[in-house]
Amino acid sequence: MRTFFVILLQSVLLFSCAKKKSNGSDPAAQIPQQTAPEIFVKVDGNTFSCNICSSTYLSGGLRGVTFATSSSSDQILLRFSTLPVTGTYSLVKQGNPAVTYVKNFTYYHAVMGSLTITAIDTSANGSINQLSATFQCKTDTSFIPSYALSEGSIHLNYK
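Each residue of the sequence shown is one higher than the one before, starting from 0 at the first, in numbering that gives the first Met the number 0.
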């Protein structure tokens, strides 16, 4: 009798662990949707967009993100002098936060605009792990030309 129960128990365990057949409609088996690029912005109407093109830094109390094209001659720099939190910020030259557009190794600082952070996550030491934000700004007119950055969106996730 005991042997019968052992065989019955093994049979139940064996068949309950069998893999369920897939009919192809299992959402987990679907190819994931293309995610938004890490950064998208129009610079004077021309698209600056890239994915897997960012690096974050934390140095001397400053933290930020650099987005660079493959040539690195065009970059968008986002800098914070304090720990960033969600909210809307006015962008002014050398303010906190600050947005800078780099074109052919010349730095154009945002002097008018806004940055809205909708989600932020930082590590224990304050470096940025995740950031979702939108922004728009105009750069200073100290240099000719100046630039208009519009429709900016950031979707950064290092987790």
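Built from N, CA and C at the ideal position, the CB exists for glycine as well.
Close-in-space but distant-in-sequence residues of the same chain around residue i (CB under 8 Å, 5 per side omitted)
i       : result
Lys-158 : Asp-120, Asn-128, Gln-129
Val-84  : Ile-116, Ile-119
Rounded straight-line distance, which links the Cα of residue j to that of residue i
i       : j       : result
Gln-32  : Leu-57  : For Gln-32, the pLDDT reaches just 42, beneath the cut-off of 50, and the residue's location in the model is therefore unreliable, although a value from the coordinates is still provided. Cα to Cα, Gln-32 sits roughly 32 Å from Leu-57.
Phe-79  : Cys-52  : 19 Å
Phe-134 : Thr-140 : 19 Å
Thr-65  : Ile-143 : 23 Å
His-154 : Pro-36  : 7 Å
Residue of the options minimising C-alpha distance to residue i
i       : options                           : result
Arg-62  : Glu-37, Leu-90, Thr-68, Ala-97    : Ala-97
Ile-116 : Gly-86, Ser-152, Leu-77, Phe-79   : Gly-86
Ser-113 : Ala-123, Ser-122, Thr-138         : Thr-138
Met-111 : Phe-104, Val-101, Tyr-146, Thr-68 : Tyr-146
Ala-109 : Gly-125, Leu-77, Thr-55, Ala-123  : Leu-77
Thr-55  : Ile-75, Asn-95, Asn-103           : Ile-75
Asn-50  : Gly-60, Gly-44, Ile-38            : Ile-38
Collapsed DSSP secondary structure at residue i in the structure displayed
i       : result
Ala-67  : strand
Gly-125 : coil
Asp-73  : strand
Lys-20  : Unreliable placement is indicated for Lys-20, whose pLDDT of 43 sits below 50; the coordinate value is still reported in the next sentence. Of the three classes helix, strand and coil, the one that applies to Lys-20 here is coil, per DSSP.
Glu-37  : coil
Ser-48  : strand
Cβ shell of residue i (< 6 Å), same chain only, five flanking positions each side left out
i       : result
Val-40  : Phe-47, Leu-148, Gly-151
Asn-156 : Gln-129
Tyr-106 : Thr-99
Spatial neighbours of residue i in its chain, beta-carbon cut-off 7 Å, leaving aside the 5 residues before and after
i      : result
Ser-89 : Ser-113
Enclosing beta strand (DSSP E) for residue i [first to last residue]
i      : result
Thr-99 : 97-102
Gly-86 : 86-89
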